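**Q** The structure is given below, and queries will be raised subsequently.
Protein chains in written order, with full-length UniProt numbering: chain A, 1 to 542; chain B, 1 to 665.
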């Protein structure tokens, strides 16, 4: 690790301080107990800050397959772009021998500052596990708060790299206060600037609520954990035997709990992917969705889409095939790819402009909406709306999932979240009904009635209250010739016309032209202005 | 300029049929429809339910669904097809190849309805379709035949006995068969027993006829066949040969016409024997007489295919005839217009069969999937692609996994081969595993280029299996440089708003465990990549969105394809046919990589995975059984081939279930 490199980076901060103190320096020298000049002490402290917990602990960190806090920032940010803050901050604890010189680390257990990702400003903090296990002291929290405050003022995202054993126990309530200060800022910044957490080591106890409050939580496989209480406490309270990995590893949170949005192979993989992810995001809620150079023709036809929807309406297909076909260069950054797979959400670009994609996935549970998929979809839609990212919705939904498990779990209020999110969103909303749009789920999925800007139906679309069989059983209960009635129902409703004649879809389009149409609509809708009535805040059914 | 495409059919046609039904699917159905359209004939497609949006259905004027996906219920369902004929009023039926093309029953039923079967009459189909009978007829017609047992083999023990009499190696094959199905080579008694079992099962499932025969297996032969064309008036022609020696598991992969091996005398001898056989069975229509040719140019009659052959386009290319046109004319009763002296050999044509299969597993095990991107190299001159699929089509387990037949034509063989290289490099197939890596290697292999080939070409050239293209040092540099240029282009694009950044990039590129430090600098579209002290210039009009990467490397033009590019620096490039995985990292990321933990892959030796999608036709073990390494666990049938699955280590069987692709058994 090239530490000299960082020294060079930070010299321009120090130069200001240096010139200020220069006059005092000569006098100060004769009173110095350490027999070192201020300049020498600055150098020494910087050097100490750059080595964090020392070479032994750095080696241990590497041995665990983890990079150090500074190495991570170096990979995450553009070369030479990191500007560090608070390198001289030290903890203020004087109990349990903490006041001793050897227990003071310049910068304490977190590295903070700002830098650039592909030239765009970002505020970052990176917890340093080599210093007191990355534990959160009052000073540590204060450093994080400082960059968050500034990020909100200038309008730039905050990325946190979490690798911390938890609260600094020696500091007691000071540490808890520090967490709360961060939580408050997470909440204040929510919807103002994008906040991203990348969990790269332990994150336990109260600490987990900071990532939970941010917009996206990513994890590193095998080396990161998120839990309220560790396996030991679990064993003593509920008598369950569980490993760290099973309790709060990347797999658990990306497949079972839905706490994390994506997991990556290792630190490098995670940081490089985070850089790529960052390219999709606007810097703040005042920024439009970013537009990058695009080589994929905006009017490209996608012939494969004309045959993708199978003739039998019971047969599945992969919604991702549609998404990949339509978006720029088949690049789709999927959010929560392994959780509630019956809905697909993620970021892509259309003619260079970032869009949010929401799609029912017929391949999994017929693409129905259930508790988990509704919540997954709702949170994603609200993020896009908060940050001016147009939403493109692909609909093939047979309805909400029935059953006691769902009803007892509260599908009514959870399903309402997705409905609420689509309804309140004021960003451009484009909807494509590829096949089924049945019942209440039709309304929910960014329908015309929820202020959809452009709603298309493919020729295979069926907009109806329910499938033919169920409908006929109700309408013609106890009557003969059900088959005939079913055929009539299919003829009348299992097609896009009932919706089209009422203007509930704006057009019935050839699937292969979908990309072209959406690109054109997005250009038109770029100047869309829509506001919701004034309110203190809305009351989403949580 | 595409002689093989446009020349054959004259402008005005004598009246033949008003409407033809094509009892087939895929590329051959499309091929027949094309000629019908030129001749002004209306066409009827038949299809299974899963094929309802297939290309051949869209091309035809009318389409009739003849049943569900399994071929036995749709494309082999004679009742349904007969109904389709009646319903649409088709006057004639073209059967294509496979399916009902050599089914005498079908031809009979059509005749009974007064519908013309575009092919030979029932008598010839029967005589030639039965390998035992055909051999007897061939002998009588003074055609050279292979020594063997001219009768039906009753059981495995009799097979062993007969094999002993003929002498090993022997070939066990289905009497009713063709296309390599139900065919096994045996070198000893044990293999004979096993071969007998497999072949009879395959024959039963493919042809509904499990009769087998055994003959002497001619080791290391060439497979050369003669195309014949005969009318209903006793006239017959031979349209030269096709060399089809490049095979895997007795199925053809690369074919060419003419053969490098035949001299005019041998060609004439073979042609004349083929014609005399055709005449002996009063053959009419297009047919193919297959021969095995040994190194001494001795040739032996193998079988006669009484149908249009898959590889017919190469004959069309060199003779200028449209064989489908000829078949339709002949079926209507017209006389042949040509004389033997009118049949030329113009130039050279090569056909590569592009399959959806993994060439790294036994030279090709079927794969399935959706063609997410598909682009045929039709922008090139002298390239013909016969296909029945398009972007978005599904390659399913129900049918042959052929994607297309890629035919290139040139004045000389060298020209045709060069064109084939270019065509393969420009062919974009995404979503399914395909055999282009293998095809691309075959056509540039020195033995193939010099014409030194036999049916054993693949196992001889790749004794340890096909491993993809082996990079030379120069090629390795080209590949590294391209990956580096691509990486820099992508990185620069994401910083577009910073203005032109023309700084030096220091990259670390990994390629099959080799790590290289590269320096890259860019000026406009030109990248200078320094690899181990050597400078490589990469330029060209390419962008990050297009499927093809036409790149100029050190002045040499190359067509690469970028198959994958991820945020984590993974780049997969198709180069010289083979796909190579590279990883491009900044110097810093590469340096820090040493700290990353190594992930241990799951031990899968206790799990049996089917190497291809298919259905289980026989399970040889029960849960709780102890199996030895190499013991057969089950038999998978995929694309009409039966494959025995064996245990990877000695273990106990836990449970069994149905499989789909890569499911656990």
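Even glycine gets a Cβ: it sits at the ideal position worked out from N, Cα and C.
Being a predicted model, the structure only gives us computed values, none of them experimental.
Residues in its own chain within less than 8 Å of residue 328 of chain B by CB, not counting five upstream and five downstream?
**A** 16, 17, 20, 35, 36, 39, 41, 92, 94, 118
**Q** Closest Cβ-Cβ distance between residue 484 of chain B and chain A: below 8 Å?
**A** Closer than 8 Å to the CB of residue 484 of chain B there is not a single CB belonging to chain A.
**Q** Does residue 314 of chain A come out as helix, strand or coil in the three-state DSSP assignment?
**A** coil
**Q** Can you find the residues in the same chain that come closer than 6 Å, C-beta to C-beta, to residue 340 of chain A, ignoring five residues on each side of it along the sequence?
**A** 372, 373, 376
**Q** Report the residues of the stretch 450-477 of chain B with a CB closer than 8 Å to any CB of chain A, ordered along the chain.
**A** none
**Q** Per the DSSP calculation, residue 667 of chain B is bridged to which residue(s)?
**A** Outside the modelled stretch of chain B, which goes from 1 to 665, sits residue 667 of chain B, for which no answer is possible.
**Q** So, for residue 499 of chain B: in the same chain, excluding its five sequence neighbours on each side, which residues have a beta-carbon less than 6 Å away from its beta-carbon?
**A** Low confidence applies to residue 499 of chain B: its pLDDT is 46, below 50, so where it sits in the model is not reliable, and the reading given next is rough at best. So no residue of the chain qualifies.
**Q** Which runs of the alpha helix (DSSP H) spanning at least 4 residues fall entirely within the stretch 91-131 of chain B, listed in chain order?
**A** 104-112, 122-129
**Q** Can a CB atom of chain A be found closer than 8 Å to the CB of residue 522 of chain B?
**A** no
**Q** Would the beta-carbon of residue 93 of chain A fall within 8 Å of that of residue 351 of chain A?
**A** no
**Q** Check the DSSP bridge columns for residue 541 of chain B and list the partner residues they point to.
**A** Residue 541 of chain B pairs with nothing; no bridge assigned.
**Q** Can you confirm whether residue 65 of chain A, when its beta carbon is compared against all beta carbons of chain B, has any partner nearer than 8 Å?
**A** yes
**Q** Residues of chain B with a CB under 7 Å from the CB of residue 433 of chain A: which are they?
**A** Those within 7 Å of residue 433 of chain A in chain B number zero; the least Cβ separation is about 19 Å.
**Q** Quick check: the Cα distance between residue 145 of chain B and residue 300 of chain B, rounded to an integer number of angstroms?
**A** 5 Å
**Q** Leaving out five residues on either side along the sequence, give the residues of the same chain with a beta carbon under 7 Å from the beta carbon of residue 531 of chain B.
**A** The residues are 477, 480, 481, 516, 518.
**Q** Between the C-alpha atoms of residue 130 of chain A and residue 109 of chain A, what's the straight-line distance to the nearest angstrom?
**A** Just so you know, the alpha carbons of residue 130 of chain A and residue 109 of chain A end up roughly 8 Å apart.
**Q** Residues of the stretch 117-139 of chain A in Cβ contact with chain B at a cutoff of 7 Å, in chain order, please.
**A** 118, 119
**Q** Using a cut-off of 7 Å between C-beta atoms, extract the partners of residue 308 of chain A located in chain B.
**A** 392
**Q** Of the residues A/207, A/268, A/475, which one's Cα is nearest the Cα of residue 590 of chain B?
**A** Answer by Cα proximity: A/268.
**Q** Determine the DSSP secondary structure at residue 98 of chain A, reduced to helix, strand or coil.
**A** coil
**Q** Can you tell me whether residue 1 of chain B is buried or exposed? The criterion is at least 16 other CB atoms within 10 Å of its CB, across all chains shown.
**A** In this prediction, residue 1 of chain B scores a pLDDT of 41, lower than 50, which makes its location untrustworthy; the coordinate-derived value is nonetheless stated afterwards. Under this definition residue 1 of chain B is an exposed residue.
**Q** Quick one: what does DSSP say residue 116 of chain A is sitting in, helix, strand or coil?
**A** strand
**Q** Where are the beta strand (DSSP E) runs, 3 residues long or more, that stay fully inside the stretch 397-430 of chain B, in chain order?
**A** 402-410, 428-430
**Q** Just confirm the distance between the C-beta atoms of residue 197 of chain B and residue 140 of chain B, as a whole number of angstroms; I'd bet it's less than 8 Å.
**A** Wrong, their Cβ atoms sit about 33 Å apart, outside the cutoff.
**Q** Can you pull the chain B residues whose beta carbon is under 8 Å from the beta carbon of residue 311 of chain A, in chain order?
**A** 49, 52, 53
**Q** Which runs of the beta strand (DSSP E) at least 3 residues long sit entirely within the stretch 362-445 of chain A? Give them in chain order.
**A** 391-397, 429-438
**Q** 8 Å is my cut-off, CB to CB: does residue 569 of chain B come that close to chain A?
**A** yes
**Q** Do residue 225 of chain B and residue 281 of chain B come within 8 Å of each other at the CB atom, strictly closer than that value?
**A** no
**Q** From residue 511 of chain B to residue 576 of chain B, what distance separates their C-alpha atoms?
**A** 15 Å
**Q** With distances taken between CB atoms, is the gap from residue 80 of chain A to residue 107 of chain A smaller than 8 Å?
**A** no
**Q** Suppose contacts are defined by Cβ-Cβ distances below 8 Å. Is residue 304 of chain B in contact with residue 134 of chain B by that definition?
**A** yes
**Q** Going by DSSP, what residue range makes up the alpha helix (DSSP H) through residue 262 of chain A?
**A** Note, residue 262 of chain A: premise wrong, no alpha helix (DSSP H); beta strand (DSSP E) at 262-264.
**Q** What span of residues does the alpha helix (DSSP H) with residue 498 of chain A cover, start to end?
**A** Its alpha helix (DSSP H) spans residues 497-501.
**Q** State the CB to CB distance for the pair residue 114 of chain A and residue 159 of chain A, rounded to an integer number of angstroms; the pair is presumed to be in contact (CB under 8 Å).
**A** About 10 Å; that fails the 8 Å criterion.
**Q** Residue 268 of chain A versus chain B: which residues are under 8 Å apart at the beta carbon?
**A** 568, 585, 589, 592, 593, 596
**Q** Over what stretch of residues does the alpha helix (DSSP H) that includes residue 325 of chain A continue unbroken?
**A** For residue 325 of chain A, the enclosing alpha helix (DSSP H) has its first and last residue at 319-326.
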